[in-house]
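Residue numbers (the numbering used here): 2 to 126.
Pasting the structure below:
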């Protein structure tokens, strides 16, 4: 399950993509909190993982989390393991979405047993 679903945005023990939080950081969470995070990923967003919508002056639309920023530029991490650095002077609008990049409904692709197994796997030290 991790290899099928989570790895496209999360790392665990050095494997995967670092777009969302490293899943090793959730081992201390109880099963209910993990389940809620999967069912409603925007309910509690870890610091540094808020999604932003960025409209550039040339009309290009970007959607991702801010990886780094300075007074002159920022770098967005986006789905597909892509990053894009943009000058602040090229940004027409930058707005927090108030949501996580993690899409809702991922659990629909999992059986209840697979979801339970995933939660147990994430809790393993």
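Cβ atoms here follow ideal geometry from the backbone N, Cα and C, with glycine treated the same way.
Just so we're clear, the structure is a prediction, and the values are computed from it rather than from any experiment.
Contact set for residue i: own chain, Cβ-Cβ below 7 Å, skip 5 residues either direction
i: residue 107; result: 6, 39
i: residue 120; result: 32, 35, 36
Residues sharing a beta bridge with residue i, DSSP
i: residue 44; result: Its beta-bridge partners do not exist; DSSP assigns none.
i: residue 64; result: 54
i: residue 12; result: 17
i: residue 92; result: 57
i: residue 69; result: 76
i: residue 83; result: 79
C-alpha gap between residue i and residue j, whole angstroms
i: residue 90; j: residue 49; result: 23 Å
i: residue 93; j: residue 118; result: 45 Å
i: residue 55; j: residue 96; result: 6 Å
i: residue 85; j: residue 101; result: 18 Å
i: residue 13; j: residue 76; result: 23 Å
i: residue 78; j: residue 112; result: 30 Å
i: residue 103; j: residue 20; result: 9 Å
i: residue 15; j: residue 109; result: 27 Å
Proximal residues to residue i (C-beta, below 6 Å), its chain only, five neighbours per side dropped
i: residue 114; result: none
i: residue 17; result: 8, 11
i: residue 82; result: 18
Beta carbon proximity, residue i to chain D, threshold 9 Å
i: residue 106; result: In the displayed structure, chain D is absent; only one protein chain is listed.
Cβ pair residue i, residue j closer than 9 Å
i: residue 73; j: residue 88; result: yes
i: residue 80; j: residue 65; result: yes
i: residue 30; j: residue 123; result: yes
Cut-off 8 Å between Cβ atoms - residues of its own chain near residue i, not counting five sequence neighbours on either side
i: residue 126; result: 28
Three-pair Cβ contact test at 8 Å for the segment 58 to 69 versus the segment 41 to 48: no
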